[in-house]
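The structure under discussion appears below in the form of structure tokens.
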Amino acid sequence: MRRLSVYIEIKGTQVCVGEICGNTPEDAVFSYAKEYMEKQGAVPISLSLPFSDSAFSPARTKNFFEGLLPEGFTRRCVAEWMHVNEDDYLSILAGLGCECLGAVKIIEGENPPILPDYRKLTSEDVRNLAKEGATESAQLMTKSHLSLTGASGKAGLYYDEKENQWYLPIGDAPSTHIVKQSHIRLEGIVTNEQLCLLTASYLGIDTPDSFVVDTGEAGDGDVLFATKRYDRIMNAEPKLINQLPVPSRLHQEDFAQALGISSFHKYEHNQEGYLKKMFSLLRAFSSEPLTDQLKLWDICLFNYLIGNTDNHIKNLSLLYSQDLKGVRLAPAYDMVSTAIYESSTKEMALSVGGVYLLDRIERRHFEKEAQNAGLGVKLAMKRFDDMASGFEKALSRAAAFLTEQGFASAEEIQKRILQKGGIRYLRSETG
Numbered sequence: 018m019r020r021l022s023v024y025i026e027i028k029g030t031q032v033c034v035g036e037i038c039g040n041t042p043e044d045a046v047f048s049y050a051k052e053y054m055e056k057q058g059a060v061p062i063s064l065s066l067p068f069s070d071s072a073f074s075p076a077r078t079k080n081f082f083e084g085l086l087p088e089g090f091t092r093r094c095v096a097e098w099m100h101v102n103e104d105d106y107l108s109i110l111a112g113l114g115c116e117c118l119g120a121v122k123i124i125e126g127e128n129p130p131i132l133p134d135y136r137k138l139t140s141e142d143v144r145n146l147a148k149e150g151a152t153e154s155a156q157l158m159t160k161s162h163l164s165l166t167g168a169s170g171k172a173g174l175y176y177d178e179k180e181n182q183w184y185l186p187i188g189d190a191p192s193t194h195i196v197k198q199s200h201i202r203l204e205g206i207v208t209n210e211q212l213c214l215l216t217a218s219y220l221g222i223d224t225p226d227s228f229v230v231d232t233g234e235a236g237d238g239d240v241l242f243a244t245k246r247y248d249r250i251m252n253a254e255p256k257l258i259n260q261l262p263v264p265s266r267l268h269q270e271d272f273a274q275a276l277g278i279s280s281f282h283k284y285e286h287n288q289e290g291y292l293k294k295m296f297s298l299l300r301a302f303s304s305e306p307l308t309d310q311l312k313l314w315d316i317c318l319f320n321y322l323i324g325n326t327d328n329h330i331k332n333l334s335l336l337y338s339q340d341l342k343g344v345r346l347a348p349a350y351d352m353v354s355t356a357i358y359e360s361s362t363k364e365m366a367l368s369v370g371g372v373y374l375l376d377r378i379e380r381r382h383f384e385k386e387a388q389n390a391g392l393g394v395k396l397a398m399k400r401f402d403d404m405a406s407g408f409e410k411a412l413s414r415a416a417a418f419l420t421e422q423g424f425a426s427a428e429e430i431q432k433r434i435l436q437k438g439g440i441r442y443l444r445s446e447t448g
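Every position in the sequence shown, counted from 1, becomes a number in the numbering used here once 17 is added.
Take a look at the structure:
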């Protein structure tokens, strides 16, 4: 029987919370350690895994822990490198669990720990990461024992801002940034994502710091999209590895994990009411429920305006305080205008007022959704109108900023968002 020990970092210290036991992914179950549950101030690692003396079912175990792993092509590449089946989430978790999103760490059996380290990357290494795509990032994941969720090619790296130097974290050395490739996804998507995040920040939406890494001439094969990890913080007196300050981990879980929903069901298709469930979670568990509900509402509005039909529940997360006792809505991330690409669907990942198709959603559907979510309709729709009226100005400001930085496609992407995003249909609705 396989045994995977589950740890979580609390105020900079790794604490064992329980273990996953089973022979296969089909029978593996997670159970909390009695010693952890009896600790003063102990908190469950997920809203979907409350304290229990009994082991959780294989399905509930898989829904949370498989949610820590990469998806799609990246997962297949990782599995090939590890010589395991891509459906064997236990083996992949055992191989990549030293550094996950949030503060969870997975170690199998009595395997000796891999000494944490930061290995300097040359400019050629970074350039290869930009050019080679998901295959290169899968190699980095396997070498560094790092797990990042999502289907796009991405890697977790450490960035020394003062020296403009990138490092590969080894073992359980924490990364500071997530970098994503461009050309393996869609044309101009790095500029697209930075344009959308800048626009969102100008409209008052909380977003992580991000920037474009240009390793050549700003072409799709030359650039990486770098996002500073909001689940990593630098303490006043941090530990050092190779003379580099080491950040502490903050725990997080996406809404699929928090709701106990499989990653394979991250898109809503049959009126499951994912938005209503997310607002209910915030009311029940957020340290500032009203503030966070309005923040989530703003993110939903913005995704509609830019035409982001990939707004699924794994692209929205909860962020915990260092002692795990406080829960807040995490900053917005993975916001891209998918509608500007002909190959993308017009079906939103989350229904609005019962409607999925971007070009069929109207203002009245948001009013209905506000009622469904339990929000004050008058306040919710005022925020809708304010964001819609300020959207074009904020988008223009973001495009101008990126153009000045040398990303000439920013203005063209701006035009396509106005032509294809929800803002277009809202304009036609109001005349």
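Glycine is no exception: its CB is placed at the ideal position from the N, C-alpha and C atoms.
According to DSSP, Val263 sits in a beta bridge with which residue or residues?
Here residue 263 corresponds to residue number 246 of the sequence shown, with the count starting at 1. Val263 is not bridged to any residue.
Measure the alpha-carbon distance for Leu341 versus Glu26 and round it to whole angstroms.
Stepping through the sequence shown from its first residue, residue 341 is reached at position 324. Stepping through the sequence shown from its first residue, residue 26 is reached at position 9. Between Leu341 and Glu26, the C-alpha separation is close to 9 Å.
Start and end of the alpha helix (DSSP H) containing Cys94?
For this step, residue 94 is matched to residue 77 along the sequence shown. First-last of the alpha helix (DSSP H) with Cys94: 89-99.
Where Lys283 and Ala253 are concerned, what is the direct C-alpha to C-alpha distance, given to the nearest angstrom?
Within the sequence shown, residue 283 is the residue found at index 266, counting from 1. Within the sequence shown, residue 253 is the residue found at index 236, counting from 1. So the two alpha carbons sit approximately 38 Å from each other.
Nearest to Ala45 by alpha carbon, out of Phe82, Glu429, Gly58?
Position 28 of the sequence shown, counting from 1, holds the residue named residue 45. The residue with the shortest Cα to Cα distance from Ala45 is Phe82.
With C-beta atoms as the reference, is Val353 less than 8 Å away from Glu210?
For this step, residue 353 is matched to residue 336 along the sequence shown. For this step, residue 210 is matched to residue 193 along the sequence shown. Cβ atoms of Val353 and Glu210: closer than 8 Å.
Hey, is the stretch 174-189 in contact with the stretch 393-411, meaning 3+ C-beta pairs nearer than 8 Å?
no
Assuming the contact rule is C-beta atoms closer than 8 Å, Ala427 and Thr208 should be a hit. Round their C-beta distance to whole Å, please.
Looking up residue 427 in the sequence shown gives position 410. Looking up residue 208 in the sequence shown gives position 191. Their Cβ separation, rounded to whole angstroms, is 6 Å, which keeps Ala427 and Thr208 in contact under 8 Å.
Quick check: the Cα distance between Cys317 and Thr193, rounded to an integer number of angstroms?
The count along the sequence shown starts at 1 and reaches residue 317 at position 300. The count along the sequence shown starts at 1 and reaches residue 193 at position 176. Rounded to whole angstroms, Cys317 to Thr193 spans 27 Å at the Cα level.
What residues in its chain sit with their C-beta under 7 Å from that of Lys294, if we drop five residues either side in the sequence?
As a first step, residue 294 must be located in the sequence shown, where it is residue number 277. If we look at Lys294 and ignore the five residues flanking it on each side, its Cβ neighbours are Leu276.
Would you report the Cα separation of Gly58 and Gly343, rounded to the nearest angstrom?
Here the question's residue 58 lines up with position 41 in the sequence shown. Here the question's residue 343 lines up with position 326 in the sequence shown. The straight-line gap from Cα to Cα measures roughly 12 Å.
Quick check on DSSP: helix, strand or coil for His194?
As a first step, residue 194 must be located in the sequence shown, where it is residue number 177. Strand, per DSSP.
Is it the case that the Cβ atoms of Ala390 and Leu292 are separated by a distance below 8 Å?
Against the sequence shown, residue 390 aligns to sequence position 373. Against the sequence shown, residue 292 aligns to sequence position 275. For Ala390 and Leu292, yes; Cβs fall inside 8 Å.
Could you give the DSSP three-state label for Asp376: helix, strand or coil?
Translated into the one-based positions of the sequence shown, residue 376 becomes position 359. Three-state result, Asp376: helix.
Quick check on this structure: which residue in Lys256, Glu364, Pro225, Pro255 has the alpha carbon closest to the alpha carbon of Leu336?
Position 319 of the sequence shown, counted from the start, is the residue given in the question as residue 336. Out of Lys256, Glu364, Pro225, Pro255, Pro225 has the C-alpha closest to the C-alpha of Leu336.
My assumption, with CB atoms under 8 Å, is that Gly233 sits in contact with Arg92. Please give the rounded CB distance.
Residue 233 sits at position 216 when you count from the first residue of the sequence shown. Residue 92 sits at position 75 when you count from the first residue of the sequence shown. Gly233 to Arg92, Cβ: 28 Å. No contact.
Going by beta carbon distance, what residues of the same chain come within less than 8 Å of Pro75, once the five residues before and after it are set aside?
Locating residue 75 in the sequence shown gives position 58, counting from the first residue. Correct list, in chain order: Gly39, Pro42, Glu43, Asp44, Ala45, Val46.
Suppose you measure from the CA of Glu141 to the CA of Asp239; what does that come to, to the nearest Å?
As a position in the sequence shown, residue 141 is number 124, starting the count at 1. As a position in the sequence shown, residue 239 is number 222, starting the count at 1. Taking the straight line from one Cα to the other gives about 11 Å.
Residue range of the alpha helix (DSSP H) that Tyr106 falls in?
Start at 1 with the first residue of the sequence shown, and residue 106 comes out as number 89. Start and end: 106-113.
Could you tell me the distance, in whole angstroms, from the CA atom of Leu241 to the CA atom of Ala172?
One-based indexing of the sequence shown puts residue 241 at position 224. One-based indexing of the sequence shown puts residue 172 at position 155. Leu241 and Ala172: Cα-Cα distance of roughly 10 Å.
So the beta strand (DSSP E) Thr308 belongs to, where does it begin and stop?
For the purposes of this step, residue 308 is taken as the residue at position 291 of the sequence shown. First-last for Thr308: 306-323, but that is the alpha helix (DSSP H), not the beta strand (DSSP E).
Which two residues bound the contiguous alpha helix (DSSP H) that contains Ile434?
In the sequence shown, the residue the question calls residue 434 occupies position 417. Per DSSP, Ile434 belongs to the alpha helix (DSSP H) from 427-437.
Taking the DSSP output, what are the residues bridged to Pro186?
What you label residue 186 is simply residue 169 of the sequence shown in a count that begins at 1. DSSP lists Tyr135 as partners of Pro186.
Is the Cβ-Cβ distance between Lys432 and Gly324 less than 8 Å?
Walking along the sequence shown from the start, residue 432 turns up at place 415. Walking along the sequence shown from the start, residue 324 turns up at place 307. In this structure, Gly324 does not lie closer than 8 Å to Lys432 by Cβ.
Which same chain residues, not among the five before or five after Met99, have their C-beta less than 7 Å away from its C-beta?
Taking the first residue of the sequence shown as position 1, residue 99 is located at position 82. If we look at Met99 and ignore the five residues flanking it on each side, its Cβ neighbours are Ser108, Ile109, Gly112, Thr159.
Could you check if Val23 is buried or exposed, using at least 16 other CB atoms within 10 Å of its CB as the buried criterion?
To locate residue 23, count along the sequence shown from 1; it is residue 6. The residue in question, Val23, is buried, as its Cβ has 16 or more Cβ neighbours within 10 Å.
Can you tell me whether Thr362 is helix, strand or coil according to DSSP?
Your numbering for residue 362 matches position 345 in the sequence shown. The answer is coil: DSSP assigns Thr362 none of H, G, I, E or B.
Given a cut-off of 8 Å on the beta-carbon distance, is the pair Leu267 and Leu299 in contact?
Here residue 267 is taken as the residue at index 250 of the sequence shown, counted from 1. Here residue 299 is taken as the residue at index 282 of the sequence shown, counted from 1. No, the Cβ-Cβ distance between Leu267 and Leu299 is not below 8 Å.
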